[in-house]
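The opening residue of the sequence shown carries number 145 in this note's numbering; numbering runs sequentially from there.
From the three backbone atoms N, C-alpha and C, an ideal C-beta is built for every residue, glycine too.
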Amino acid sequence: MCDKPDLSEGEKFDKKKLKKTNTEEKNTLPSKETIEQEKECVKSS
Numbered sequence: 145m146c147d148k149p150d151l152s153e154g155e156k157f158d159k160k161k162l163k164k165t166n167t168e169e170k171n172t173l174p175s176k177e178t179i180e181q182e183k184e185c186v187k188s189s
């Protein structure tokens, strides 16, 4: 085993073969208003 990585695979890599994909936001953070409402609900329970 050799400690140096094999760079031959990286040299053969072609970016043009990659497909373009659209990213979507899946887990958005709640707004401050939503957090405050949830805190109030927990306090009143």
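CA-to-CA distance, residue j to residue i, given in whole angstroms
i           : j           : result
residue 148 : residue 154 : 14 Å
residue 189 : residue 181 : 13 Å
residue 186 : residue 165 : 41 Å
residue 106 : residue 150 : What is shown of the chain runs 145 to 189, which leaves residue 106 out entirely.
residue 176 : residue 170 : 18 Å
Segment limits, alpha helix (DSSP H) that includes residue i
i           : result
residue 178 : 176-188
residue 155 : 152-156
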